[in-house]
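Below is one structure; the comments refer to it alone.
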Amino acid sequence: MTSPPERREFEKPLWEQWEEQRANATGERLQKVLALRGWGSRRVCEEMISAGRVTVNGEVAVLGRRVDAEQDVVEVDGVQIGIRPELVYYLLNKPAGVITTASDPQRRPTVTSLVPDEPRVFSVGRLDADTEGLLLLTNDGELANRIAHPSRGVEKEYLAHVHGNVSGSALKRLRDGVELEDGMTSPARVSQLSPGVLRITIHEGRNRQVRRMCDAVGHPVTRLVRTGSARSTTAGSSPAPGVRSPPPR
Ligand code: URA
């Protein structure tokens with residue numbers, strides 16, 4: 011009996027093999043490039059490569075791959091790694107009691123004390139000392155301007171625990187706009203998730219706006235958490251030191 015013909019792997023054309031060999035012989039090791047750009051220790055980056063999470067120019071990379079950090083397009087989970095390694099981004103889940111300004115006469119902890127000292131970063135926008143939740147810290151001034159500029163009207167979502175059960179008419183007022191001392195608020199998305207727990211989405215950034223809106227309809231806030239901003243959310247994270255992350259897109 012004749013055995014079936016052996017299946018042969020499709021061989022890449024010679025010029026592609028040479029190109030791969032050339033790429034592998036020059037450049038920096040992929041895990042070093044990733045580690046330098048803040049994706050974790052080299053060990054962690056090796057694990058990401060082994061798990062097939064890293065692509066180079068669209069192809070899944072193997073351990074040992076070398077890259078030209080200026081030329082090659084490297085992606086982790088489909089997110090392109092920073093081409094300016096000096097820029098850093100921390101998505102912080104700010105605990106209550108920590109302040110957003112750089113220093114405080116009352117010597118309360120500041121958000122920047124929750125992330126490494128270097129490179130120095132600043133917060134994009136601010137949260138009251140008592141407000142918890144999502145805050146971006148970065149040294150990328152251009153991105154900060156784009157996000158924080160009022161003309162962009164970036165949406166911010168809050169979970170507000172308030173006194174009492176909020177009536178339908180009070181919810182409508184919050185949605186339509188309430189009169190504050192600095193003018194009417196713009197329309198907001200507001201829903202009551204359970205008695206006294208509101209999800210409020212606004213796209214303005216006035217001082218203590220959510221607290222003042224709730225005060226204005228007779229339901230003072232007892233706890234306020236920012237749960238989302240633009241496309242970022244705090245879903246699944248507990249208040250913790252900032253996690254360095256890829257730039258928000
Ligand atoms: N609105 C508030 O009242 N406080 C914040 O920190 C943010 C929005």
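FYI, in this note's numbering the residues of the sequence shown are 11 to 259. Glycine included, C-beta positions come from ideal geometry on N, C-alpha and C.
Check: Rounded straight-line distance, which links the Cα of G37 to that of P126; Outcome: 29 Å
Check: CA-to-CA distance, R76 to V235, given in whole angstroms; Outcome: 43 Å
Check: Supposed contact pair A198 and I264 - C-beta distance, whole angstroms, cut 8 Å; Outcome: The chain is shown from 11 up to 259; residue 264 falls before or after that span and cannot be answered.
Check: Check: Y168 C-beta below 8 Å from any heavy atom of ligand 1; Outcome: yes
Check: Within 9 Å, strictly: CB atoms of I109 and Y168; Outcome: no
Check: Residues that A170 bridges to, as DSSP identifies them; Outcome: L208, L234
Check: Segment contact, 8 Å Cβ cut-off, at least three pairs: the stretch 55–65 with the stretch 80–91; Outcome: yes
Check: Beta carbon nearer than 6 Å to a non-hydrogen atom of ligand 1; Outcome: L137, D138, T141, R218, Q219, V220, R221, L234
Check: DSSP state of E128 mapped onto helix, strand, coil; Outcome: coil
Check: Distance between E21 and V131 (C-alpha atoms, nearest Å); Outcome: 50 Å
Check: Cβ neighbour criterion (16 or more within 10 Å) applied to E142; Outcome: buried
Check: Cβ neighbour criterion (16 or more within 10 Å) applied to Q81; Outcome: exposed
Check: Residue burial classification, R47 (beta-carbon count within 10 angstroms, cutoff 16); Outcome: buried
Check: Host alpha helix (DSSP H) of L46 (start-end); Outcome: 40–46
Check: Contacts around E214, its chain only, beta-carbon distance under 6 Å, and the 5 residues preceding and following it disregarded; Outcome: S196
Check: Cβ neighbours of L190 in the same chain (closer than 8 Å, five flanking residues each side left out); Outcome: R216, Q219, R222, M223, A226
Check: Anticipated Cβ contact below 8 Å, A61 with L40, distance rounded; Outcome: The pair is not a contact, with the Cβ atoms about 13 Å apart (cut-off 8 Å).
Check: Straight-line gap, P119 to Y100 (C-alpha atoms, nearest Å); Outcome: 17 Å
Check: Cβ shell of G163 (< 8 Å), same chain only, five flanking positions each side left out; Outcome: H213, E214
Check: T111 classed as buried or exposed, judged by whether at least 16 other C-beta atoms fall within 10 angstroms; Outcome: exposed
Check: Start and end residues, beta strand (DSSP E) containing K104; Outcome: 99–104
Check: Length of the line joining the Cα atoms of N149 and H173; Outcome: 38 Å
Check: Local conformation of P23 per DSSP, three classes; Outcome: coil
Check: 4-residue-minimum alpha helix (DSSP H) runs that sit fully inside the stretch 135–180, ordered along the chain; Outcome: 151–158
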